[in-house]
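Asker:
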Amino acid sequence: ATPTALMVGTGRGAQLGILIKGPEVLESTRRVDTVVLDKTGTITTGRMTLQEVYVAADTDEKQVLRLAGALEHASEHPIAQAVAAGAEMGVPPLERSREWGSTGPLLAVAGFENVAGLGVRGTVDGHEVLVGRTRLLDEAGVALPDELAALKTRAEAEGRTAVAVAWDGVARGVVTVADAVKETSAEAVRELRTLGLTPVLLTGDNRTVAETVARRVGIDEAFVFAEVLPQDKVEVIRRLQAEGRAVAMVGDGVNDAAALAVADLGLAMGTGTDAAIEAGDLTLVRGDLRVAADAIRLSRKTLATIK
Ligand code: ADP
Ligand code: MG
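The opening residue of the sequence shown carries number 389 in full-length UniProt numbering; numbering runs sequentially from there.
Below, the structure is given as structure tokens:
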């Protein structure tokens with residue numbers, strides 16, 4: 389290969405907002421036929437806001453938000469930031485929630501633990517609190533009552549992410565958060581298809597939420613991998629590769645880093661975490677998914693020049 393052409397490609401990439409680890413990276417994109425997209429922070433903005441607080445009978449809404457908010461304050465997850473901010477500022481009255489304001493001063497947390505892909509736990513105000521997926525509660529032997537489970541399912545069917553709140557061995561509530569699909573995501577998926585690539589959605593989030601987002605941006609239901617634990621994202625990439633696909637992965641989170649490294653081509657959102665940027669071969673500086681298509685187009689052009 390002529391190093392000059394690769395260097396030119398690298399320079400052109402910088403102009404487009406693509407940082408390339410090394411000129412040889414452009415070669416890896418040649419065979420790519422499948423693009424795996426993370427959901428939160430990649431297809432969506434990742435800036436979530438608290439939407440609703442549902443509670444079990446005889447449970448105070450503010451107490452649910454106060455304890456969950458204190459615990460989530462210690463986590464960097466986009467869901468956690470939305471819950472913590474909601475607890476601090478209160479949220480405007482919404483159709484399905486009663487009105488509430490700030491839950492007051494932030495409570496201290498002891499023994500905070502982040503359970504990757506499932507949620508968080510810790511002691512707040514003398515209570516053993518869990519916030520996260522139903523599976524996090526299941527693993528602690530805590531059942532979500534039918535009434536709360538039904539509200540959770542409905543919120544998810546409408547595209548919101550719902551997490552359960554439990555303390556002292558009892559499920560007390562469900563809080564919902566939502567973030568918006570980026571304006572550019574649907575167009576980006578169309579462009580990737582035009583380049584002959586198969587778009588795939590890969591997320592730790594709930595299946596219903598994942599399918600709602602997939603429908604909005606134009607990804608086929610057959611190519612939605614949901615409720616995938618961070619350590620299993622790598623397995624999904626390997627499985628696609630075992631089918632003979634050359635896989636590009638686009639992600640932003642700590643939970644995407646291993647998958648970015650295993651993919652034939654790793655594209656990190658410049659708006660994402662350092663772990664993702666370090667693991668990727670390319671960085672999309674502005675976090676605009678359309679630039680992923682630009683990167684593939686650029687590398688094809690650069691390599692055509694070399695031929
Ligand atoms: P994604 O792949 O969409 O970036 P994650 O793997 O980070 O998602 O999280 C998967 C799921 O685990 C979330 O949708 C949520 O239900 C739960 N979860 C993870 N971290 C937290 C947290 N700090 N608070 C509440 N729920 C969480
Ligand atoms: Mg993410």
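The beta-carbon is built from N, C-alpha and C at its ideal position, and this holds for glycine as well. Just so it is clear, the structure is predicted and the values come from calculations on it, not from any experiment.
Report yes if the C-beta distance between M436 and V605 is below 8 Å; otherwise report no.
Answerer: Contact flag unset, no.
Asker: With a threshold of 8 Å between beta carbons, is L536 in contact with chain B?
Answerer: Here chain B cannot be found, since the structure has a single protein chain.
Asker: Could you tell me which residues DSSP pairs with I406 in its beta bridges?
Answerer: Per DSSP, L672.
Asker: Could you tell me the alpha carbon to alpha carbon distance between A475 and E501, rounded to whole angstroms?
Answerer: So the alpha carbons of these two residues sit roughly 20 Å apart.
Asker: If I follow the unbroken beta strand (DSSP E) through residue 699, where does it start and stop?
Answerer: Lying outside 389 to 695, the shown extent of the chain, residue 699 is not represented and no answer is given.
Asker: Once DSSP output is grouped into helix, strand and coil, what is the label at D426?
Answerer: D426: strand per DSSP, three-state reduction.
Asker: Taking a cut-off of 6 Å, which residues have a beta-carbon closer than that to any heavy atom of ligand 1, in chain order?
Answerer: Here the list is D426, K427, T428, E460, S463, H465, I467, A468, G505, L506, G507, V508, V519, G520, R521, T549, V551, T591, G592, D593, P618, G641, N643.
Asker: If we count the other Cβ atoms within 10 Å of its Cβ and call it buried at 16 or more, is V558 buried or exposed?
Answerer: Label assigned to V558: exposed.
Asker: My output table needs one value for N502: the three-state DSSP class, helix, strand or coil.
Answerer: Three-state result, N502: strand.
Asker: Ignoring anything shorter than 3 residues or poking outside the stretch 571–653, list the beta strand (DSSP E) runs there in chain order.
Answerer: Segments of the beta strand (DSSP E) lying fully in the stretch 571–653: 586–590, 635–639.
Asker: For the stretch 499–514 and the stretch 411–429, state whether three or more C-beta atom pairs, one from each stretch, are separated by less than 8 Å.
Answerer: Touching, no.
Asker: In this structure, how does DSSP classify M395 when only helix, strand and coil are distinguished?
Answerer: Helix.
Asker: Ligand 2 heavy atoms versus the CB of T430: any closer than 7 Å?
Answerer: Yes.
Asker: Apart from the five residues on each side of it in sequence, which residues of its chain come closer than 6 Å, Cβ to Cβ, to A545?
Answerer: Closer than 6 Å at the Cβ level, and outside the excluded window around A545, lie T596.
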